[in-house]
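Residue numbers (our numbering): 1 to 301.
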Ligand SMILES: [Zn+2]
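(1) In this structure, how does DSSP classify residue 288 when only helix, strand and coil are distinguished?
(2) Can you tell me which residues fall inside 7 angstroms of ligand 1, judged by beta-carbon distance to its nearest heavy atom, and keep chain order?
(3) Counting C-beta neighbours from all protein chains within 10 Å, is the total for residue 284 16 or more, i.e. buried, or is it exposed?
(4) According to the Cβ coordinates, are residue 186 and residue 193 closer than 8 angstroms?
(5) Helix or strand or just coil, what does DSSP make of residue 206?
(6) Report all residues from its chain with a CB closer than 6 angstroms to the CB of residue 234; omit the five preceding and five following residues, and keep chain order.
(7) When the Cβ atoms of the stretch 42-51 are set against those of the stretch 137-153, are three or more pairs found closer than 8 angstroms?
(8) Apart from the five residues on each side of it in sequence, which residues of its chain come closer than 7 angstroms, Cβ to Cβ, to residue 54?
(9) Could you check the C-alpha separation between residue 109 and residue 134 for me, to the nearest Å?
(10) So, is residue 237 buried or exposed, given that buried needs 16 or more other C-beta atoms within 10 angstroms?
(11) Any chance the stretch 137-148 sits against the stretch 165-185, with 3 or more Cβ pairs inside 8 angstroms?
(12) Between which two residues does the alpha helix (DSSP H) holding residue 47 run?
(13) I need the DSSP call for residue 200, collapsed to helix, strand or coil.
(14) Could you tell me which residues DSSP puts in a beta bridge with residue 114?
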């Protein structure tokens with residue numbers, strides 16, 4: 001355990017929290033239009049998102065956390081959804097694209113004491129699950145790793161674990177929270193809505209949800225300080241298979257074969273690969289939809 005709140009000399013040292021924030025699991029968000037730039041409540045949802053992050057920061061700060069990096073993970077508007085005028089002024093925010101070889105988690109390294117997943121969502125194939133998907137809304141029917149569907153949160157927790165950073169908190173709907181709780185036993189959860197389908201749920205109004213998020217973040221960081229979080233055990237190699245919704249066209253097949261041979265087309269709508277590096281696997285999972293749909297535009301990942 002690296003973390004001590006006070007050094008032997010009595011000097012307080014920084015206690016750092018990395019927050020990955022997505023939008024589909026934010027309190028109040030219910031339907032695809034809420035997380036799309038043209039939706040009636042999209043601008044409002046950006047404020048809800050920012051307030052959920054602030055709640056997590058405030059709760060963690062009560063437990064002694066001192067430094068926060070917030071990394072945006074919602075793919076709309078080039079991953080710029082936090083309202084900078086409303087975010088806690090003491091955090092750093094990673095936003096925009098590209099991020100130098102990282103699709104997301106560009107700001108995560110081994111210096112953090114914990115990772116929080118705020119506003120994360122259920123996986124493609126989960127039902128119910130508000131706005132459930134894995135990486136691509138429209139293109140992926142399911143993303144499997146080692147023969148089972150995997151969520152973005154599970155991928156992120158694995159990447160963090162490889163850096164010795166425990167995933168201490170997830171906020172989102174009941175399906176997303178339950179999935180992560182199976183993957184990261186003992187993780188603190190702030191369930192801000194109960195899914196009834198992909199686009200309906202029982203919603204806790206954001207003001208009340210924020211209290212639950214702050215309380216869960218407080219407990220999470222107290223447990224981190226006490227060494228209370230084990231890393232999830234998910235050993236490589238990681239065999240990924242993406243099942244696309246539509247069959248691959250000839251141009252896409254040619255692009256995979258000639259320019260991305262590390263990604264193997266294994267069926268009329270399946271692409272597979274295997275690697276020990278989960279972060280690299282995430283980047284490949286992200287680029288696959290672009291190769292499938294815009295093969296001539298994709299250069300590298
Ligand atoms: Zn998102």
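From the three backbone atoms N, C-alpha and C, an ideal C-beta is built for every residue, glycine too.
To lay it out plainly:
(1) Walking along the chain shown from the start, residue 288 turns up at place 288. For residue 288, the secondary structure class from DSSP, reduced to helix, strand or coil, is helix.
(2) 22, 23, 24, 35, 73, 74, 75, 121
(3) By one-based count along the chain shown, residue 284 stands at place 284. Buried, by the Cβ-count rule.
(4) Within the chain shown, residue 186 is the residue found at index 186, counting from 1. Within the chain shown, residue 193 is the residue found at index 193, counting from 1. Against a cut-off of 8 angstroms, the Cβ pair of residue 193 and residue 186 comes out as no contact.
(5) Along the chain shown, read from residue 1 onward, the residue named residue 206 stands at position 206. Reduced to three states, the DSSP call for residue 206 is helix.
(6) Sequence index remark: in the chain shown, residue 234 carries index 234 (1-based). Around residue 234: 158.
(7) no
(8) Translated into positions along the chain shown, residue 54 becomes position 54. Answer for residue 54: 87, 88, listed in chain order.
(9) Residue 109 sits at position 109 when you count from the first residue of the chain shown. Residue 134 sits at position 134 when you count from the first residue of the chain shown. Approximately 23 angstroms, taken between the alpha carbons.
(10) For the purposes of this step, residue 237 is identified with residue 237 of the chain shown, where counting begins at 1. Classification of residue 237: exposed, given that the 10 Å Cβ count is below 16.
(11) no
(12) Walking along the chain shown from the start, residue 47 turns up at place 47. Run containing residue 47: 42-62, per the alpha helix (DSSP H) assignment.
(13) Here residue 200 refers to the residue found at position 200 when the chain shown is read from its first residue. If DSSP states are grouped into helix, strand and coil, residue 200 belongs with coil.
(14) To locate residue 114, count along the chain shown from 1; it is residue 114. According to DSSP, residue 114 bridges with 17.
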